[in-house]
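Asker: Numbering-wise (the working numbering), the sequence shown opens with residue 786 and increments by one.
C-beta atoms are modelled at their ideal positions from N, C-alpha and C, and glycine is treated no differently.
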Amino acid sequence: MAQYVELASGYKMPTVGLGTWQATNATEIESAVDEALKAGYRHIDTAYLYENEKSIGKVLREWLDSGRVKREDLFIVTKLPGIGVHPDRVPYFLKKSLESLQLDYVDLYLIHSPIGMQYVNDTEMWPAKDGEPLYDMDTDLEATWKAMEKEVDAGHAKSIGVSNFDEDQVERIVKIARIPISNIQVELQVYMQQKSLRETCRKHNISVCSYGPIGSPGRKALFEKRGMKFEDPGLLDDAVVKSIAEHHNKTTAQILLRFLVQEGIIVIPKSTNPQRLRANINIFDFDLSQDDMTRLTALDRKEDGRFFTFAAFKGINNHPECPKFIKSRIQK
Ligand SMILES: NC(=O)c1ccc[n+]([C@@H]2O[C@H](COP(=O)([O-])OP(=O)(O)OC[C@H]3O[C@@H](n4cnc5c(N)ncnc54)[C@H](OP(=O)(O)O)[C@@H]3O)[C@@H](O)[C@H]2O)c1
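1. Residue ranges of each alpha helix (DSSP H) run of no fewer than 4 residues wholly in the stretch 939–969, ordered along the chain?
2. For Cys994, which of helix, strand or coil comes out of DSSP?
3. Less than 9 Å between the C-beta atoms of Glu1016 and Tyr996, yes or no?
4. Could you pull the start and end residues of the beta strand (DSSP E) that Lys864 belongs to?
5. Identify which residue in Arg1004, Arg1114, Arg1063 and Gln1075 has its Cα closest to the Cα of Lys1087.
6. Out of Thr1036, Gln954 and Thr985, which has the shortest C-alpha to C-alpha gap to Cys1107?
7. Between the C-alpha atoms of Ala824 and Thr809, what's the straight-line distance to the nearest angstrom?
8. Would you kindly work out how many angstroms separate the C-alpha atoms of Thr805 and Ser1056, rounded to a whole number?
9. Along the chain, where does the alpha helix (DSSP H) that runs through Met1078 open and close?
10. Helix, strand or coil for Leu792, going by three-state DSSP, please let me know.
11. Beta carbon of Lys855, beta carbon of Ala811: below 9 Å?
12. Give the DSSP-derived three-state secondary structure of Asp850 in the structure shown.
13. Thinking just about the alpha-carbon of each residue, which of Ser967, Asp951, Asp923 and Leu834 is nearest to the one in Ala942?
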């Protein structure tokens, strides 16, 4: 089983990376990145939005300076925030991320979301006035992509890609791209297998990275903190996944991850727990049989299995670049 996926840019992206969303506590994220590097992770997924790039950068610097890892063996991904989705702001936000990460370049820079927000200052990620989100209604994805390409030319990013784009948005970028999309990061898990998007990506040689690969159970605490209802997909307790896990003497998380990797998908499970993060990368010593794969494939609920609906973002469906999958969900 390939431990790397070759990108359109020619670079190799490790199939398993460490997710870091919701890991903002400096001590916690520093120790998690250190443990992850010890466990063999070389791919770390972060974002300007996650507010943890400085902590990650500190640990990377220690590893690089001590010679324990070479820069070319790391694969660091970060993302342009919504407040940066504007051609004039791409260089600014990538520079800020590089400074925090203490790096000269990132391996992959993604447009985090097609929905541009107005820029108020560096820290207000969801600017609002009188309770109304300040969306940038003039978001120009094609012009933003052109600015991303210039960052590759300048040597600040080896590869570029998108996240949370719908298929039409992907096709639009493919049409105008001088530097192709190397990767798309979207919600993708056993209940929502993104067959159609994956087919589009296969056609255009775009690698696919799954977020929420084990169902993002950590969102429960986040939603409750914000006084919102949380619908736990319960992937880790699914009966089919459990029976396959028992058969292979693996955890349900390992089955969920192995399933995606065996399908050629890149996964970035988040864990700050040393045992769990070790287990999450320890998925290359067994194979799921054809029968296992068929049973797991049959768990696909298509759009009904999507759990990241973005429906809590007031007025999001009025944005001209609101992806179709959000619009259709909100109209339901
Ligand atoms: N592009 C985007 O818009 C976007 C959106 C969401 C996420 N992401 C990226 O994708 C990454 C992964 O998604 P996610 O964090 O939402 O969800 P996830 O990786 O599916 O789930 C992470 C949660 O599962 C727990 N966990 C991890 N390993 C486990 C295991 N082996 N057994 C049981 N529980 C386990 C973690 O807690 P512990 O830490 O306590 O282990 C954490 O609460 C993010 O961290 C982020 O880097 C990107």
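Answerer: On the basis of the coordinates in this document:
1. 952–961
2. Mapped onto the sequence shown, residue 994 falls at position 209. Note: Cys994 maps to strand in three-state DSSP.
3. Position 231 of the sequence shown holds residue 1016. Position 211 of the sequence shown holds residue 996. Cβ atoms of Glu1016 and Tyr996: not closer than 9 Å.
4. Stepping through the sequence shown from its first residue, residue 864 is reached at position 79. It spans Phe860 to Leu865 - the beta strand (DSSP E) in which Lys864 sits, taken as one unbroken run.
5. Within the sequence shown, residue 1087 is the residue found at index 302, counting from 1. Comparing Cα positions, the closest option is Arg1114.
6. In the sequence shown, counting from the first residue as 1, residue 1107 sits at position 322. Of the listed residues, the one whose Cα sits closest to Cys1107 is Gln954.
7. As a working note, residue 824 is residue 39 in the sequence shown. As a working note, residue 809 is residue 24 in the sequence shown. So the alpha carbons of these two residues sit roughly 21 Å apart.
8. Taking the sequence shown and counting its residues from 1, one reaches residue 805 at position 20. Taking the sequence shown and counting its residues from 1, one reaches residue 1056 at position 271. Straight-line Cα distance between these residues: approximately 7 Å.
9. To locate residue 1078, count along the sequence shown from 1; it is residue 293. First-last of the alpha helix (DSSP H) with Met1078: Gln1075 to Thr1082.
10. Position 7 of the sequence shown, counting from 1, holds the residue named residue 792. Looking at Leu792 - three-state DSSP - the assignment turns out to be coil, as it is neither helix nor strand.
11. On the sequence shown, residue 855 is found 70 positions in, with the first residue counted as 1. On the sequence shown, residue 811 is found 26 positions in, with the first residue counted as 1. Cβ distance not < 9 Å, so Lys855 and Ala811 don't count as in contact.
12. Taking the first residue of the sequence shown as position 1, residue 850 is located at position 65. Helix, per DSSP.
13. On the sequence shown, residue 942 is found 157 positions in, with the first residue counted as 1. Comparing Cα-Cα distances from Ala942 to each of Ser967, Asp951, Asp923 and Leu834, the minimum goes to Ser967.
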